[in-house]
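Going down the list, the sequences are from chains C and X. Going letter by letter, the first sequence gives residues 0 to 399 in numbering that gives the first Met the number 0. Going letter by letter, the second sequence gives residues 0 to 311 in numbering that gives the first Met the number 0. Note that beta-carbon positions come from the ideal geometry of N, C-alpha and C, so glycine has one too. Structure, as structure tokens:
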Amino acid sequence: MLHNFKYTLKTLFKNKTLIFWTFAFPIILGTFFYMAFSNIEKSEQLDVIDIAIVDNEQFQNSEALKQTFLILGDESNKEQMFSIQYVLLDEAVKLLEDDKISGYLLIEDTPKIVVSSSGINETIFKYVTEKIIQVEDILSLAIKEKSEQFQEEISKNPNTSFDIDTWKKEIYQEVLTMVNNANANIIDISNHNLSYTMIEFYTLIAMTCLYGGILGMVAVNQNLANMSNNGKRVAISPTSKGKIILSSVLSSYFVQLIGVFLLFLYTIFVLKVDYGTNFPLIILLTLIGSLAGLTLGVCIAVVFQVNENLKTGMMLAITMFGCFLSGMMGITMKYIVDSNIPLLNKINPASMITDGFYSLYYYGSNLKRFYFNVSSLLIFSLVMIVISMISLRRQKYDSI
Amino acid sequence: MKSVIQVENLTKKYKNKKAVDDLSFEVYEGEILGLLGPNGSGKSTTINCILSLLNFDEGIIKVLGCEMSPNAYEIKRQIGVVFQDVAVFDELNVYDNIDYFCGLYIKDKLKRKKCIMDAIHLVGLEEFTKYYPKQLSGGLLRRLNIACGIAHQPKIIILDEPTVAVDPQSRNNILDGIQKLRKKGATIIYTTHYMEEVEILCDRVIILDKGKILAVGTTDELKELVNIEEKVTVEIMDLKKDILNEIKNFPHVDSLTYQNPILSITYKKGANNLVNLMDYLKKESIPYTKIYSERPTLNDVFLELTGKDLRD
Chain C
0 MLHNFKYTLK TLFKNKTLIF WTFAFPIILG TFFYMAFSNI EKSEQLDVID
50 IAIVDNEQFQ NSEALKQTFL ILGDESNKEQ MFSIQYVLLD EAVKLLEDDK
100 ISGYLLIEDT PKIVVSSSGI NETIFKYVTE KIIQVEDILS LAIKEKSEQF
150 QEEISKNPNT SFDIDTWKKE IYQEVLTMVN NANANIIDIS NHNLSYTMIE
200 FYTLIAMTCL YGGILGMVAV NQNLANMSNN GKRVAISPTS KGKIILSSVL
250 SSYFVQLIGV FLLFLYTIFV LKVDYGTNFP LIILLTLIGS LAGLTLGVCI
300 AVVFQVNENL KTGMMLAITM FGCFLSGMMG ITMKYIVDSN IPLLNKINPA
350 SMITDGFYSL YYYGSNLKRF YFNVSSLLIF SLVMIVISMI SLRRQKYDSI
Chain X
0 MKSVIQVENL TKKYKNKKAV DDLSFEVYEG EILGLLGPNG SGKSTTINCI
50 LSLLNFDEGI IKVLGCEMSP NAYEIKRQIG VVFQDVAVFD ELNVYDNIDY
100 FCGLYIKDKL KRKKCIMDAI HLVGLEEFTK YYPKQLSGGL LRRLNIACGI
150 AHQPKIIILD EPTVAVDPQS RNNILDGIQK LRKKGATIIY TTHYMEEVEI
200 LCDRVIILDK GKILAVGTTD ELKELVNIEE KVTVEIMDLK KDILNEIKNF
250 PHVDSLTYQN PILSITYKKG ANNLVNLMDY LKKESIPYTK IYSERPTLND
300 VFLELTGKDL RD
């Protein structure tokens, strides 16, 4: 096994094309991201989104909404998010038509958020407003439930004393629990800590982890009699196929991890990207993310009976499409998929890795979402391994 | 003679087409057995079935007395294969390529090193050990391919068209190397569609076509199958028709063609054909520049058996 491990390392390190895609390409892309997005971020930080709120009776009666938008639209606040015009419905429609606002909010029986296009400002307005409404609903529900409980208790025992502080605390706790359960993440989108560059770098790391699958694919192809002439030689040797493939895959994993950690070093020390301080968990996510990429590559290599170039094309296409859905080519895509087809990002390894880093950075103290992503990646890897093993059990071929 | 490989009633189909059709033969210890046939005759398929790389539909294959299977590691240890297509790593130099494949058979580093050096000497790559495959010519690459297949010094060597697209110098080197391997005691199966190589190397020959065995025997035995004793070729300018007709009526003449200035005559079995022709030309004062006689080749055998040329 060691013999094969050593020589697989040699062949991988001397394969210039592979080394370019797994080592150099992510670093080059990272540099481009840095140059392109750092400027965007600076301009975005100054951007306040123009919106309108239809100032009708329902809105006036909704105290929580009124107060929240008052804070988010406060010009004296450094973190002002919206520039808000309180207008009638007709005026709001006209403002939107004239492209003077990104969208407007109309509170009727159900709140309506109206936007004209799908740009970043429109997405933020829609997302933040939905979350505000969601939290307001949760809060109303909590107060209603608590009041009913209190009423019930009074009716059972009229001598119950009423302690306003205890009642407030209980309500507060209830709301906290409900907010957490609903996974409401209004804070990260509504404060300006959210960085586009960070999302880009998370997807870049996800891409590098998944690109490792190409290494696994090449290493496995070298050992399959139906895929390469070298594979025929290996197949007729007195060495177990399982051992040979395992040592080749481990060797690929080793090279892949070097690639990912080089990217980390470059982005941290040269591009000054801040991934947070929880390094053990960052490393854990990287190891498991790379494993997911590697097993995906191995699975494609053993399942599909097509030539190596086609397999590499499939791997690149899956990786790039996965990264696209997780926000590599535009942060809005991540939210669009999350909002409309959440299942897609639940089975997309690029999204699991990106979201894992994202949750680690923004919810550092609450690791539930992080571990959900880690577990999803492990399950994904396991599924890939099982499929690969079933395919690899074949000892002879019908044609080679 | 001890049989090292036994193939009984081997049949392999690709979809509904039989690539190998009820093939049975044996390979004896220490011999070089040639598998001769045109492209698509089933040579490589037979080899891949023997090596347990391919599933087959019917038949039994035994190597060194045991049924061959993908997990028969002790048998595999005794087999070396040189595939038709070059199978080496572009990223490894000559020495490392041989070391890698040899290392799949021999774990002991010292023993392996000796085997690698022996293989390098055998194929004449001493000056190229640090070269990468892309730096080697086609012939040298073929030699490396052979070294990778035989470095572990197997008892049975299977060479699948090892001289395809090789320059004459490298071909001679390869053929010399195969002779040396036989002298060391290896049993060799040699597949090719070059009949000259078979005639030089092989003790016995199996002629295959469309997955079936057409004939088996030594080259002399196979040549006995054709009704030709010899072919005589003469270079004569401007032969007249009446002379040609006279020669045609000589004893044992089977056929005659004349394309100025080459006269080709095939003779059925019989003695003194060349002498009689030369005496006649002298008597008739017909000058000629060159005259030579050839025994029938395996191509003639193949032609006789199938009605087509080996390289068709």
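Roughly how far, in whole angstroms, is the beta-carbon of X/Ser263 from the beta-carbon of X/Thr232, given that I think they are within contact range, below 8 Å? Taking a contact as a CB-CB distance under 8 Å, the pair X/Ser263 and X/Thr232 counts as one, their CB atoms being some 5 Å apart.
Please state if the CB of X/Val6 and the CB of X/Ile49 are separated by a distance shorter than 8 Å. Yes, the Cβ-Cβ distance between X/Ile49 and X/Val6 is below 8 Å.
When we look at the beta-carbon of C/Met328 and count the other beta-carbons within 10 Å, is it buried (16 or more) or exposed? exposed
Can you find a CB in chain C that lies within less than 8 Å of the CB of X/Ile122? Correcting the residue type first, residue 122 of chain X is Val in the shown sequence and not Ile. Not closer than 8 Å to any Cβ of chain C, the Cβ of X/Val122 fails to qualify, so no.
Residue nearest to C/Leu290 in terms of C-alpha spacing, selected from C/Tyr201, C/Leu249 and C/Ile244: Minimum Cα distance to C/Leu290 is reached at C/Leu249.
Counting only beta-carbon separations shorter than 8 Å, does C/Ile186 have a partner in chain X? Its pLDDT being 42, under 50, C/Ile186 is placed unreliably by the model, and nothing is read from it.
Exposure of C/Gly312, with buried meaning 16 or more beta-carbon neighbours within 10 Å: exposed
Check this for me: beta carbons of C/Phe12 and C/Ser246, under 8 Å apart or not? no
Residue range of the beta strand (DSSP E) that includes X/Ile4: Counting along the chain, the beta strand (DSSP E) containing X/Ile4 begins and ends at Ser2 to Tyr13.
Closer than 7 Å by C-beta to X/Asp299: which residues in its own chain qualify, once you throw out the five before and the five after it? Chain order, please. The beta carbon of X/Asp299 is closer than 7 Å to those of Val225 and Ile227 in its chain, skipping five residues each way along the sequence.
Could you tell me whether any Cβ in chain C is nearer than 8 Å to the Cβ of X/Phe127? no
Cut-off 7 Å between Cβ atoms - residues of its own chain near X/Thr296, not counting five sequence neighbours on either side: Correct list, in chain order: Met194.
Distance cutoff 8 Å, beta carbons only. Does X/Phe249 sit that close to anything in chain C? no
What does a CB cutoff of less than 8 Å around X/Ile105 pick up in its chain, not counting 5 residues either side in sequence? The beta carbon of X/Ile105 lies closer than 8 Å to those of Arg111, Cys114 and His151 in the same chain, with the five residues before and after it left out.
Should the segment 260 to 275 of chain X be called in touch with the segment 6 to 25 of chain X, which here means at least 3 C-beta pairs below 8 Å? No, the segment 260 to 275 of chain X does not touch the segment 6 to 25 of chain X.
Does any residue of chain X have a CB that is nearer than 8 Å to the CB of C/Asn182? Any reading at C/Asn182 must be qualified, since the residue scores a pLDDT of 39, below 50, and its modelled position is unreliable; the value itself is stated next. Cβ-Cβ to chain X under 8 Å: no for C/Asn182.
Would you kindly work out how many angstroms separate the C-alpha atoms of C/Ser189 and C/Glu152, rounded to a whole number? Confidence at C/Ser189 is low in this model, with a pLDDT of 37, below 50, so the placement of that residue is unreliable and no value is reported for it.
Out of X/Cys101, X/Ile46, X/Asp241 and X/Arg170, point me to the one whose CA is closest to X/Ala18's CA. Of the listed residues, the one whose Cα sits closest to X/Ala18 is X/Ile46.
Backbone secondary structure at C/Gln66 - three-state DSSP: helix
Indicate whether at least one CB of chain C lies closer than 8 Å to the CB of X/Asn15. no
Those residues which DSSP pairs with C/Asp397 across a bridge: Answer is none; C/Asp397 lacks a bridge partner.
Using a Cβ-Cβ cut-off of less than 9 Å, give me the residues of the segment 231 to 247 of chain C that come near chain X, in sequence order. Lys231, Arg232, Val233, Ala234, Ile235, Ser236, Pro237, Thr238, Ser239, Lys240 and Ile243
Indicate whether at least one CB of chain C lies closer than 8 Å to the CB of X/Leu302. no
Between the alpha carbons of C/Asp273 and C/Asp73, how many angstroms are there, rounded? Distance between the alpha carbons of C/Asp273 and C/Asp73 is about 30 Å.
Spell out whether any CB of chain X is found under 8 Å from the CB atom of C/Asn308. no
Separation of C/Asp136 from C/Ala181, as counted between CA atoms: Because the pLDDT at C/Ala181 is just 43, under 50, the model does not fix this residue reliably, and the point stays unresolved.
Can you check DSSP and say which residues form a bridge with C/Glu90? In the DSSP output, where bridge partners are listed per residue, C/Glu90 has none listed.
I need the straight-line Cα distance from X/Asn259 to X/Lys239, nearest angstrom please. 10 Å
What residues from the segment 339 to 368 of chain C come within 8 Å of chain X, judged by C-beta to C-beta, listed N to C? Cβ contacts with chain X come from no residue of the segment 339 to 368 of chain C.
Can you tell me whether C/Cys298 is buried or exposed? The criterion is at least 16 other CB atoms within 10 Å of its CB, across all chains shown. buried
Whether X/Leu207 touches X/Ser40 by CB criterion (8 Å): Going by beta carbons, X/Leu207 and X/Ser40 fall inside the 8 Å limit.
Among all the DSSP beta bridges, which residues are the ones paired with X/Gln258? X/Ile261
What does C/Tyr6 pair with, by DSSP beta-bridge criteria? DSSP, once it has assigned bridges, lists no residue as partnering C/Tyr6.
Spatial neighbours of C/Val178 in its chain, beta-carbon cut-off 8 Å, leaving aside the 5 residues before and after: Note that C/Val178 scores a pLDDT of 49, beneath 50, so its modelled location is shaky; the value from the coordinates is reported in the next line. Contacts found: Val134 and Ile137.
Would you decide whether X/Gly137 is buried or exposed? Buried here means 16 or more other CB atoms lie within 10 Å of its CB. When all chains shown are included, X/Gly137 counts as exposed.
Residues of chain X with CB under 8 Å from C/Ser398, in chain order? Tyr13 and Leu53
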